[in-house]
Amino acid sequence: MSDIYPVPPDFAARAHVDAAAYDRLYRQSLDDNDGFWREQAAALDWIRPFTQVSDTKFDPADLRIRWFADGTLNASVNCVDRHLPAKADKPAILWQGDGEGESESRSVTWGELADKVNRLANVLKGLGVAKGDVVTIYLPVIPEVMVAMMACVRLGAVHSVVFSGFSAEALANRIEDAGAKVLITADEGHRGGRVVPLKHNADAAVAAQPSIRHVVVVRRSGASVPFTPGRDLWYDEAVAAAEPWCPPVEVGAEDPLFILYTSGSTGKPKGLVHTTGGYLVHAGTSWRVIFDWHEGEVFWCTADVGWVTAHTYKIYGPLLNGATSVMFEGVPTWPDSSRWWSIIERYRVNIFYTAPTALRSLMREGEAPVQRHDLSSLRVLGSVGEPINPEAWRWYHSVIGGGRCPIVDTYWQTETGAVLLVPIPGAVANKPGMAAKPYFGIRPVVVDAAGTRLDGVAEGNMCFEGSWPGQARTILHDHERFVLTYFAPYPGLFFTGDGGRRDEDGYFRITGRVDDVINVSGHRLGTVELESAISSHPAVAESAVVGFPHDLKGQGVFAYVTLKENIDESEALRREIVDWVRARIGAIASLDVVQWAPSLPKNRAGKILRRILAKVAANDFENFGDTSTVADPAIVGDIVLRRKQTLERESS
Ligand code: WTA
Numbered sequence: 003m004s005d006i007y008p009v010p011p012d013f014a015a016r017a018h019v020d021a022a023a024y025d026r027l028y029r030q031s032l033d034d035n036d037g038f039w040r041e042q043a044a045a046l047d048w049i050r051p052f053t054q055v056s057d058t059k060f061d062p063a064d065l066r067i068r069w070f071a072d073g074t075l076n077a078s079v080n081c082v083d084r085h086l087p088a089k090a091d092k093p094a095i096l097w098q099g100d101g102e103g104e105s106e107s108r109s110v111t112w113g114e115l116a117d118k119v120n121r122l123a124n125v126l127k128g129l130g131v132a133k134g135d136v137v138t139i140y141l142p143v144i145p146e147v148m149v150a151m152m153a154c155v156r157l158g159a160v161h162s163v164v165f166s167g168f169s170a171e172a173l174a175n176r177i178e179d180a181g182a183k184v185l186i187t188a189d190e191g192h193r194g195g196r197v198v199p200l201k202h203n204a205d206a207a208v209a210a211q212p213s214i215r216h217v218v219v220v221r222r223s224g225a226s227v228p229f230t231p232g233r234d235l236w237y238d239e240a241v242a243a244a245e246p247w248c249p250p251v252e253v254g255a256e257d258p259l260f261i262l263y264t265s266g267s268t269g270k271p272k273g274l275v276h277t278t279g280g281y282l283v284h285a286g287t288s289w290r291v292i293f294d295w296h297e298g299e300v301f302w303c304t305a306d307v308g309w310v311t312a313h314t315y316k317i318y319g320p321l322l323n324g325a326t327s328v329m330f331e332g333v334p335t336w337p338d339s340s341r342w343w344s345i346i347e348r349y350r351v352n353i354f355y356t357a358p359t360a361l362r363s364l365m366r367e368g369e370a371p372v373q374r375h376d377l378s379s380l381r382v383l384g385s386v387g388e389p390i391n392p393e394a395w396r397w398y399h400s401v402i403g404g405g406r407c408p409i410v411d412t413y414w415q416t417e418t419g420a421v422l423l424v425p426i427p428g429a430v431a432n433k434p435g436m437a438a439k440p441y442f443g444i445r446p447v448v449v450d451a452a453g454t455r456l457d458g459v460a461e462g463n464m465c466f467e468g469s470w471p472g473q474a475r476t477i478l479h480d481h482e483r484f485v486l487t488y489f490a491p492y493p494g495l496f497f498t499g500d501g502g503r504r505d506e507d508g509y510f511r512i513t514g515r516v517d518d519v520i521n522v523s524g525h526r527l528g529t530v531e532l533e534s535a536i537s538s539h540p541a542v543a544e545s546a547v548v549g550f551p552h553d554l555k556g557q558g559v560f561a562y563v564t565l566k567e568n569i570d571e572s573e574a575l576r577r578e579i580v581d582w583v584r585a586r587i588g589a590i591a592s593l594d595v596v597q598w599a600p601s602l603p604k605n606r607a608g609k610i611l612r613r614i615l616a617k618v619a620a621n622d623f624e625n626f627g628d629t630s631t632v633a634d635p636a637i638v639g640d641i642v643l644r645r646k647q648t649l650e651r652e653s654s
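Using our numbering, you'd call the opening residue of the sequence shown number 3 and step up by one each time.
In structure tokens, the structure reads:
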């Protein structure tokens with residue numbers, strides 16, 4: 003089977019960017035980078051126009067990332083007000099709740115959205131929220147999450163959205179780090195027929211973090227939940243009583259827009275800070291091009307609002323462009339595995355953007371759940387969050403896309419703000435599993451471990467040269483870590499933490515993380531973060547976590563655990579540790595394998611040798627490479643033996 007899927011000619015004919023335009027614009031965007039982004043920035047409404055486009059330098063001793071710095075604007079005006087009155091009665095959001103009853107779906111027009119945003123902004127203002135303050139948002143995928151984000155930025159306040167699947171403890175840590183004064187949550191969320199006790203978690207988090215003075219509670223389920231008068235207020239009552247107009251606050255392009263936490267190579271999640279002007283320019287203009295959205299088309303990104311994918315391409319991208327988007331609260335497999343396909347049919351979705359993990363699990367269900375639905379509205383398919391394996395890619399292309407929809411495999415990160423590599427659908431032929439080509443203004447560089455640039459066909463560490471407007475500016479309270487993590491490894495370059503390969507056609511394939519981050523089902527988990535959670539269990543002396551190849555999740559979590567003296571290994575304890583970690587971090591932090599390890603292999607300096615542990619976790623018992631650094635080789639032998647015994651037990 004050919005490994006190249008050319009751009010369908012009829013698609014290219016009406017696309018925003020075809021092959022010739024891509025080549026020309028890409029070259030121009032490198033030759034005159036400022037000129038390119040200046041033109042892109044004209045897509046926004048500025049209050050005071052900027053005079054300088056960029057002021058950037060990837061020098062670890064003097065890092066500078068500033069875009070459109072003396073311009074001023076307001077994000078909510080660009081996302082909402084601008085589409086009025088023209089689209090007042092057109093839907094901004096087509097919401098589908100977890101359930102299937104009548105009350106489980108509603109549409110929100112641009113007029114209603116603007117009204118709610120203004121009113122909630124006034125409520126927040128009344129609670130003392132002002133420019134630069136952080137508001138933490140802990141909500142399910144319901145229209146109010148969009149309202150909440152927009153209400154914050156109307157005031158020049160900074161939103162910090164925390165995934166509603168995170169535990170109370172994880173929420174509390176993020177509230178503390180950001181110093182948030184107000185929390186917006188809901189009574190409950192619904193996911194796959196189950197209730198998520200959001201207010202309960204929020205109360206526990208706020209009890210630990212008194213910086214929160216007020217909690218705004220959206221009534222999602224109507225369940226009776228504890229309510230602290232004076233501190234808590236109901237969203238619907240407060241919004242109804244608020245003034246319907248809130249003047250937008252003028253902010254500088256380099257003022258922060260939001261904070262988003264993600265896992266890195268230390269125990270503490272890092273709060274990446276995105277600023278207003280550059281992020282909005284990159285998000286809004288790239289969204290339109292990479293999904294080839296045309297006026298009137300319906301877009302659906304399945305990501306949860308707690309991740310950057312949703313920030314950029316579910317919230318900001320569609321809003322900036324005045325697009326109608328579907329929002330779905332639930333999961334793809336409930337009540338059955340045709341749920342997504344029924345939603346595509348019902349809302350006539352044209353552009354669908356999801357993650358490979360979900361596709362792999364749905365692929366297992368066969369074609370029958372898909373065939374029950376009419377997916378002929380689909381025109382473009384997207385993938386994000388992890389490498390998509392060619393098998394899943396082909397299934398997506400043929401079974402979901404009917405062989406006619408290009409697949410945009412978008413490579414980017416929380417840190418990069420918006421897309422870096424992507425096969426723009428009318429321009430770049432698809433190769434399964436390849437994020438393909440750089441977006442405009444983006445210069446990919448592959449380096450070896452020593453930092454030597456590798457030209458032509460090469461595999462190494464994925465870096466980018468030169469700034470782009472959407473990139474994060476810093477880690478909240480830890481600029482040094484920001485510089486050290488991304489700019490110090492290869493001076494002059496931004497280092498992604500990913501491995502990448504360039505083929506003979508200049509196409510890129512992302513090969514996965516090369517640092518201490520595990521990508522589980524498209525969610526980033528830091529090994530150190532997991533180890534800290536495991537090691538905080540009273541029975542645990544020490545632990546080491548590595549990723550291993552997992553059929554469905556891409557990578558799974560493999561934990562080696564050393565128990566304290568006199569504590570017995572048992573299945574009950576194993577389960578207790580698994581639950582313990584889920585409670586500390588959230589259900590996404592699920593340990594797939596726990597192997598007891600009386601000792602962990604270390605070098606003479608006491609550093610755990612993860613390379614060897616990762617090999618064993620992948621059932622590779624041969625190529626340990628140089629083991630001369632192992633302080634006690636018998637420990638490696640024991641770990642291998644235990645793994646082999648487990649495999650034997652499982653296969654018998
Ligand atoms: C991985 C999500 C391969 C990568 C937008 C990156 C991908 C991490 C792709 C960022 C892709 C994202 N192909 N790998 N198309 N997209 N990744 O911050 O390892 O949640 O570093 O941002 O996901 O995850 P994050």
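Beta carbons: idealized from backbone N, C-alpha and C, even for Gly.
9 Å is my cut-off, CB to CB: does residue i come that close to chain B?
i    : result
G462 : This model lacks chain B altogether; it includes just one protein chain.
Taking the alpha carbon of residue i as the reference point, which residue from the options has its own alpha carbon closest?
i    : options                : result
H375 : V401, A172, P199, V580 : V401
A312 : T335, S344, F260       : F260
Q415 : Q473, P408, Y509       : Q473
T304 : G99, S226, D480        : G99
R196 : R156, A206, D179, P142 : P142
P145 : S363, D179, D238       : D238
V580 : G134, K272, V559       : V559
K646 : V632, A620, F626       : A620
G181 : K92, R215, R156        : R215
K127 : Y349, N391, V251, E544 : V251
D47  : Y488, G279, P371       : G279
E102 : G232, F330, D64        : F330
L200 : D179, P212, E171, S213 : E171
K439 : D411, A451, T454       : D411
Tell me whether residue i is buried or exposed, calling it buried when 16 or more other Cβ atoms sit within 10 Å of its Cβ.
i    : result
V9   : buried
D33  : exposed
G286 : buried
K89  : buried
V247 : Reading off the sequence shown, one finds Trp at residue 247, where the question assumed Val. Exposed is the call here.
H481 : exposed
H479 : exposed
E104 : exposed
Q557 : buried
R366 : exposed
A360 : buried
A22  : exposed
G639 : exposed
K133 : exposed
I6   : exposed
S654 : exposed
R66  : exposed
G588 : buried
A14  : buried
Work out the CA separation of residue j and residue i for me, nearest whole Å.
i    : j    : result
G387 : A357 : 6 Å
H539 : I520 : 21 Å
G113 : V459 : 52 Å
V485 : P62  : 6 Å
Y355 : S630 : 47 Å
L593 : V522 : 10 Å
G608 : M151 : 46 Å
D205 : W395 : 42 Å
D634 : L602 : 9 Å
K183 : E417 : 25 Å
W342 : V382 : 15 Å
R290 : L527 : 30 Å
H202 : V164 : 15 Å
With DSSP as the reference, identify every bridge partner of residue i, one or two as the case may be.
i    : result
T326 : V300
V253 : L75
Y684 : Shown here, the chain extends from 3 to 654; a query on residue 684 therefore has no answer.
If we require 4 or more residues per run, which alpha helix (DSSP H) segments fall completely within the segment 206-290? 237-243
Give the list of continuous beta strand (DSSP E) stretches no shorter than 3 residues that lie fully inside the segment 502-553. 510-515, 519-522, 525-528, 542-552
Scan the segment 449-500 and note each continuous alpha helix (DSSP H) run of 4 residues or more that stays entirely inside, going in chain order. 481-488
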